[in-house]
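Down below is the structure, laid out as structure tokens.
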Amino acid sequence: MAAAGSGSRLGGEVPKALRLLSGIPLVAHSVARLAAGGVDRVVVIVADGLQADFERALADAPVPWQLVVGGSERQHSVRRGLAAIDRAGPAGVVLVHDAARPLVPATVVASVIEAVRAGHQAVVPALPVVDSIRRLVPRPDGPAGSEVVDRAPLRAVQTPQGFAYATLVAAHEHVARSGLAVTDDAACCEAIGETIHLVEGSRLAMKVTEPTDLVVAEAFWAGFATELG
């Protein structure tokens, strides 16, 4: 689980993963949702110096967990997390989740795991794009214009993303050797030719990025907590 970000856009005096949602740190919510969906062990990637804070935040976690200090970039951090899993023993299915998505329903987590076990090497929960989208179009003689983008084939990507462990390790090793910059772990797998299988995500699995997102998450928790698993 990626929890090493500072969350500068969210603000506050503590890193985003430690911000409270109904009195519970976001990271603790995320671990609980993963456990409810079938995850039996969690590696949490954190910034150096915050280990004690995360230990307190995860004191009541429902599954065993381990803290790993992250790297300078997200992909470096995930590689460190994968190495920690390898040292702990063999792993068949591995999920990569953002602590900033604290309300992902257990059903989404379970569907990702099921799809990997069914033979898909890389699985991503996603939702249709509902907003109208426009693309900027540069103009040589003035300000950029814009044009509408057909949103029908577009999908908004969420986490947890699920992978066959060996495939994700091979993908990250390839990316590291090649010096590629990727946006997420699915893109790592695409870089080695894997097809990304999509499963249905959930509006509840929103990402907390800005202060208004935390307000929305509070409302979701108040209205849908029993549906999260």
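When the letters of the sequence shown are read in order and numbered with our numbering, they come out as residues 48 to 276.
Beta carbons are placed, not taken as given, at the ideal position from N, Cα and C, and that holds for glycine.
A quick note: this is a predicted structure, and the numbers were derived from the prediction, not measured.
{"query": "Residue(s) in a DSSP beta bridge with residue 210", "result": "141, 169"}
{"query": "Contact check, residue 205 vs residue 125, beta carbons under 9 Å", "result": "no"}
{"query": "Secondary structure, beta strand (DSSP E): runs of 3+ residues fully inside the segment 59-100", "result": "89-93"}
{"query": "For residue 179, three-class secondary structure by DSSP", "result": "coil"}
{"query": "Beta-carbon contacts of residue 89 that lie in its chain and below 8 Å, excluding the five residues immediately before and after", "result": "48, 78, 81, 82, 108, 110, 111, 112, 113"}
{"query": "Three-way DSSP call (helix, strand, coil) for residue 150 in this model", "result": "coil"}
{"query": "Buried or exposed by the 16-neighbour rule on C-beta atoms within 10 Å, applied to residue 249", "result": "buried"}
{"query": "Residue(s) in a DSSP beta bridge with residue 186", "result": "189"}
{"query": "Runs of beta strand (DSSP E) lying entirely within the segment 213-274, each at least 3 residues, in chain order", "result": "244-247"}
{"query": "7 Å CB neighbourhood of residue 175 in its chain, flanking five on each side removed", "result": "202"}
{"query": "Status (buried if at least 16 other CB within 10 Å, exposed otherwise) for residue 183", "result": "exposed"}
{"query": "Through-space distance from residue 188 to residue 150, alpha-carbon basis", "result": "47 Å"}
{"query": "Span separating the alpha-carbon of residue 236 from that of residue 118", "result": "20 Å"}
{"query": "Local Cβ density within 10 Å of residue 158, reported as buried at 16 or more and exposed below that", "result": "buried"}
{"query": "Any chain D beta carbon closer than 9 Å to residue 220", "result": "In the structure shown, chain D does not exist; there is a single protein chain."}
{"query": "DSSP-derived helix/strand/coil call for residue 127", "result": "helix"}
{"query": "Sequence-distant residues of its chain with Cβ nearer than 7 Å to residue 100 (five each side left out)", "result": "65"}
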